[in-house]
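Student:
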Amino acid sequence: MLRFEILAEQGAARRGRIHTDHGVLETPGFFAVATRAALKGLDAASARRVGIQALICNTYHLELMPGTEAVAERGGLHRFMGWDGVAATDSGGFQVFSLRHGQVADEIKGRRRLPALAEEPLEAVRLDEQGADFRSYLDGSRRRFTPESAVEMQRRLAADILFCLDECTPLHVTREYTASATERNLRWARRCLDRYQELEMASTQALYGIVHGGIHPELRHRSATGMAAMLFPGFGIGDCLGETKQDWYGVVDMVVPLLPRDRPRHLLGVGEPDDLIEGALRGIDTFDCAMPTRIARHGHALVFGRPRFRLDLTTAGRAGEDGPIEEGCPCTACRQVGRAYLRHLHRAGEMLGISLTVEHNLCFTARLMERIREAISAGALEELRREAMPVSPA
RNA sequence: GGUCCCGUGGUGCAGCCUGGCCCAGCACGCGGCCCUGUCAAGGCCGAGAUCGCCGGUUCAAAUCCGGUCGGGACCG
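In my numbering, the protein residues as written are 28 to 421.
1) Given a cut-off of 8 angstroms, decide if His49 and Gly120 are closer than it, judged by their beta-carbon atoms.
2) Helix, strand or coil for Arg41 per DSSP?
3) Given a cut-off of 8 angstroms, decide if Leu340 and Gly326 are closer than it, judged by their beta-carbon atoms.
4) Should Thr342 be labelled buried (16 or more other beta-carbon atoms within 10 Å of its own) or exposed?
5) State the beta-bridge partners of Cys84 as determined by DSSP.
6) Under 7 angstroms Cβ to Cβ from Asp187, same chain only, skipping five residues before and after it: list those, please.
7) Could you tell me the alpha carbon to alpha carbon distance between Asp221 and Ser404, rounded to whole angstroms?
8) Once DSSP output is grouped into helix, strand and coil, what is the label at Tyr164?
9) With a Cβ-Cβ cutoff of 8 angstroms, do Thr54 and Gly43 count as a contact?
10) Is Val98 near Glu386, with beta carbons less than 8 angstroms apart?
11) In the DSSP assignment, find the beta strand (DSSP E) that holds Val330 and state where it starts and stops.
12) At 4 residues or longer, what runs of the alpha helix (DSSP H) sit wholly inside the segment 379 to 417?
13) For Ile304, name the three-state secondary structure that DSSP assigns.
14) For the beta strand (DSSP E) that contains Thr54, what are its first and last residues?
15) Along the chain, which unbroken stretches of the alpha helix (DSSP H) at least 4 residues long are found entirely within the segment 252 to 291?
16) Can you tell me the Cα-Cα spacing of Leu149 and Gln122, whole angstroms?
17) Counting C-beta neighbours from all protein chains within 10 Å, is the total for Thr196 16 or more, i.e. buried, or is it exposed?
18) Measure the C-alpha to C-alpha separation of Leu458 and Arg370 and round it to an integer number of angstroms.
19) Would you check if the segment 294 to 302 and the segment 357 to 377 touch, i.e. whether three or more CB-CB distances between them fall below 8 angstroms?
20) Could you check what DSSP says for Pro358 in three-state terms: helix, strand or coil?
21) Residue ranges of each alpha helix (DSSP H) run of no fewer than 4 residues wholly in the segment 184 to 230, ordered along the chain?
22) Assess, as a yes-or-no matter, whether the segment 276 to 295 is touched by the segment 235 to 244 under the definition of 3 or more beta carbon pairs within less than 8 angstroms.
23) Whose C-alpha, out of Ile79, Gly269 and Leu165, is nearest the C-alpha of Met92?
24) Does DSSP classify Phe31 as helix, strand or coil?
25) Can you tell me whether DSSP reads Leu295 as helix, strand or coil?
26) Does the beta-carbon of Pro319 have 16 or more other beta-carbons within 10 angstroms, so that it is buried, or is it exposed?
27) Would you give the residue range spanned by the beta strand (DSSP E) that Phe314 belongs to?
28) Can you give me the Cβ contacts of Glu146 inside the same chain, cut-off strictly under 8 angstroms, excluding the 5 residues immediately before and after it?
29) By a C-beta neighbour count over all protein chains shown, 10 Å radius and 16 as the cutoff for buried, is Asp117 buried or exposed?
30) Please return the same chain residues whose Cβ sits closer than 6 angstroms to the Cβ of Pro334, not counting the five positions on each side in sequence.
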């Protein structure tokens, strides 16, 4: 059973706690991404040790492998993967629409435009009112997700928090397309909620509705009020958030006031350090983001004082500089080894380099969340924002 | 003394027999950029070689011929 309490507020920002059957997530809080029931490159206990309180896994990926039934037979995600903290499952909506051909994820993020998408944005996924047909990226087999089946799958996974199946619209589609998707997502949310209630899942799991509407204020308004009218224990803000940070600031600024104050708000897929602060300032309670773990695998450590908060470990230390990634960081790497060693590990392709860097980036993110929470209690979130301002490339 | 292999960017190789599609390809390395509900321990871009050297044949040679230098194998 999810219970949300607010401990302190500063403007739109609030500090609180999400209580679940598997412990507490302090908010503003961060879900580390464990798509296939694994933090890539790091064991869950190590993540916990550096302050990670919650993981988010992916229904789409787990349904394809090993199957949500298989996870259920092992007692659900927590027991299956040996995680005793808070766990969430994303519905897989994002994957259904991003894993077809090419890099539609880029398109949803506005990173590039696929001309072929302009008229028929999602042709490789057969989408109808009932649900979505797609091909497994693993074996090409045909699969079908419906709002109801997505809830059932997530019931089997048995995470503390689950999300409604939704369609994510790319940035460069017509307003009309996004409008009709927004309406359909509202209908799908209703169906998810109905199934969730029929199955009497509320005592153990919390279903979040996801606000859509792309970058269109009227559609966001429509979606937010529509979602808020349904009895979801929490809400996500998803869909295409635009091309720039200013775009999503605007979306969040207008959506948050429309959502019930007493329920948690989760901003899907956002998580650069400055984003976490900006989101918290705007009343976001939880975040999830693959970036910290992903860039770690590619040799980048999160730090303050570097452009985009990234230190390229494959080059850092080349000029003889050594020392920990970040002075005072309690992660294993910062306590035990220097940049020169990490540089060597990444260049040599040693997986230890990945593990240590993933741990550091999660530690960095968890510590930043802690600073955000303390700042809210102290009414000093604006100061933290100034302090942690991004550095422009020299 | 004789026979035979090899010599191509930083490294390892491909191309050579059947000359032109090679101002030379691949891998790794190197440099830069990228990664925000993870098909991502990944992706994109770039720098870098007058093909050991000299000469010849030819419209045209990394590719054929002669010589030469260097490395290696084997036979005596």
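All C-beta atoms, glycine included, are put in the ideal place defined by N, C-alpha and C.
On a predicted model such as this, the values are computed, not experimentally measured, just so you know.
Tutor: Put simply:
1) no
2) strand
3) yes
4) exposed
5) Thr116
6) Leu29, Thr47, Asp48, His49, Val113, Ala114, Ala115, Gln232 and Ala233
7) 38 angstroms
8) coil
9) yes
10) no
11) That residue, Val330, is in no beta strand (DSSP E); it is neither H nor E in DSSP.
12) 408 to 414
13) helix
14) Gly50 to Thr54
15) 272 to 282
16) Low per-residue confidence applies at Leu149: pLDDT is 42, beneath 50, and the placement is therefore not dependable, though the value from the model is reported in the following sentence. Distance between the alpha carbons of Leu149 and Gln122 is about 12 angstroms.
17) buried
18) Since the displayed the chain opens at 28 and closes at 421, residue 458 lies outside it and no answer follows.
19) no
20) Before going on, a small fix: residue 358 reads as Cys here, not Pro. Cys358 falls in the coil class under three-state DSSP.
21) 202 to 225
22) yes
23) Leu165
24) strand
25) coil
26) buried
27) Thr313 to Cys316
28) The predicted model places Glu146 with a pLDDT of 34, which falls under 50 and marks its position as unreliable, so this point remains unresolved.
29) buried
30) Val418 and Pro420
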